[in-house]
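Written out below as structure tokens is the structure these notes cover.
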Amino acid sequence: MQHSTIGKMVLDRVSNSASSPAIRYKRDGAWTDLSWRQLGERMERIAAGLLTATDIPDRAAVAILGNTSTDWIVCD
21 MQHSTIGKMV LDRVSNSASS PAIRYKRDGA WTDLSWRQLG ERMERIAAGL
71 LTATDIPDRA AVAILGNTST DWIVCD
């Protein structure tokens with residue numbers, strides 16, 4: 021399947037693999053999974069927050085500055 025954007029590819033994966041692990045990370049010394057459904061929900065909340073809390077114009081370029089983390093992946 022071809023996708024026109026990386027975002028559409030991720031959303032397709034969220035839809036088709038909802039309960040499968042998307043990200044596995046260590047938390048308090050133990051491995052924790054974040055499912056594709058959970059990833060999609062977190063992405064939507066962050067996107068909605070950016071749209072309502074800022075005056076960023078449509079299609080504006082933005083930058084993400086931070087250490088590599090699960091949160092950084094979700095924001096990206």
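Going by this note's numbering, the residue at position 37 of the sequence shown is 57; the numbering climbs one at a time, nothing skipped.
Ideal placement from N, C-alpha and C gives every residue a C-beta, glycine not left out.
Bear in mind that the values here come from a model prediction, so they are computed numbers and not experimental data.
* To do: Whole angstroms is fine: what's the gap from residue 49's alpha carbon to residue 21's?
  => 38 Å
* To do: Could I get the ranges of all uninterrupted alpha helix (DSSP H) runs contained in the stretch 46–82, with 4 residues as the minimum, in chain order?
  => 56–73
* **Beta-carbon spacing of residue 34, residue 69 below 8 Å** => no
* **Which listed residue (80, 74, 96) has its alpha carbon closest to that of residue 86** => 96
* Just how far apart, CA to CA, sit residue 90 and residue 38? -> 18 Å
* To do: Would you mind reading off the limits of the alpha helix (DSSP H) that contains residue 39?
  => Taken as a continuous stretch (DSSP letters only), residue 39 belongs to no alpha helix (DSSP H), as it is neither H nor E.
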